[in-house]
Structures are given as structure tokens and as C-alpha cells.
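Counted the way the numbering used here counts, the sequence shown spans residues 1309 to 1462. Every residue gets a Cβ at the ideal spot worked out from N, C-alpha and C, and that includes glycine. From a predicted model like this one, the values you see are computed outputs, not experimental measurements. To start, the structure under review is shown below, and the notes come after it.
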Amino acid sequence: MALRNIVTYEDPILRKKCRPVPEVTDRIKQLVDDMIETLYDAQGVGLAAPQVGVLRRIFVVDIMDGTGPKVLINPEIVETRGEQDGEEGCLSVPDRAGEVIRPEYVKVKGLDRDGQPVEYEGEGLLARAFCHENDHLDGVLYVDKAKQLWEIQE
1309 MALRNIVTYE DPILRKKCRP VPEVTDRIKQ LVDDMIETLY DAQGVGLAAP QVGVLRRIFV
1369 VDIMDGTGPK VLINPEIVET RGEQDGEEGC LSVPDRAGEV IRPEYVKVKG LDRDGQPVEY
1429 EGEGLLARAF CHENDHLDGV LYVDKAKQLW EIQE
């Protein structure tokens, strides 16, 4: 495994639509492993492939609830319900946060690290993370949806 550089909002790659993964190869598995390691190193909740400079439909999420990382290759949001209004940040938009409305409940399906079908359901932070990372795959940043933005003071 290796740490990858996280690109920031100035990089035009973050505004591009990602291509589907045609086959889960050893190279894709290595990318997933690198993304998980990078996510933990950066102390984030989620990380999408374009954030490490790869235009493929892959993201990883771990809300630190003890269930481990959730890997989604070629994810598709199949159901949403409700609404939540909350604070979001992004590893690609450092030192900023914003208020974003997201669904309260999300069901997402895709492939896992081994290319097997997987489906996850999430509420609250997990639902927010699924939507946030899925947006990255379409070139959308949370700042595009934020009702307001502010600088984070450290």
C-alpha cells in the first residue's frame, strides 16, 4: 500500500466526470488499498478516486463506527429518503466547511474490492458521506451545494 497525494479544489480533475471501472483488476485493488490508507492518514470520512487523481468511479467511506471501510466501485444510489441539514468538509477543500442539505437515508449499490456485488444502507453521517463521495464521481464538490461556507479556524 502507498499513500496517494490528495488533490485540492484548484485541480480541474475534480470537475471531471469519472469513467466506470470495466473490470476489477489487481491494479484497481491496489488503488482501493491506497485510497483506504490515504483516507486514514488524512483522518477523513471518505475519499473518491478523483481526489487522488484517478478518473474512475470508486470511493471509500469509513465513519469510524466499528464496521470498517466501505468500498464502492461503480456505485449507484438506488434510494433516498428524508432530509438532513448539516456541516460538511472535504479533504480536497482544506480549511473550509459548509452547510449542505442531504438525504437522511441512502441505499447504495456497487461492487466491493473483489468485484462482488454489494449494497449498503446508511443514515445520518453515513448517508451524507455516500452522497458527498458519489458527487465527486460526477465532478461536483460540496461547495457547489452549500447554503453557506466558512473558514475553519485551527
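- Per the coordinates, the alpha-carbon of residue 1376 lies some 26 Å from the alpha-carbon of residue 1447.
- By the Cβ-count criterion, residue 1381 is buried, with 16 or more other Cβ atoms from all chains shown falling within 10 Å of its own Cβ.
- Residue 1394 sits exposed, since fewer than 16 C-beta atoms from the chains shown fall within 10 Å of its C-beta.
- If you draw a 10 Å sphere on the C-beta of residue 1369, you find 16 or more other C-beta atoms in it, and that means buried.
- With distances taken between CA atoms, residue 1412 lies nearest to 1390 out of 1405, 1333, 1390 and 1406.
- Under the DSSP assignment, residue 1441 falls in the alpha helix (DSSP H) whose first and last residues are 1433-1444.
- When 1423, 1409, 1364 and 1437 are compared, the shortest CA-CA separation from residue 1323 is found for 1364.
- Of the candidates 1372, 1453, 1458 and 1418, 1372 places its Cα closest to the Cα of residue 1433.
- Rounded to the nearest angstrom, the gap between the Cα atoms of residue 1331 and residue 1461 is 43 Å.
- About 3 Å separates the CB atoms of residue 1454 and residue 1406; that is less than 8 Å, so the two are in contact.
- For residue 1379 and residue 1327, the gap between their C-alpha atoms comes out near 17 Å.
- CA-to-CA, the gap between residue 1388 and residue 1356 works out to about 20 Å.
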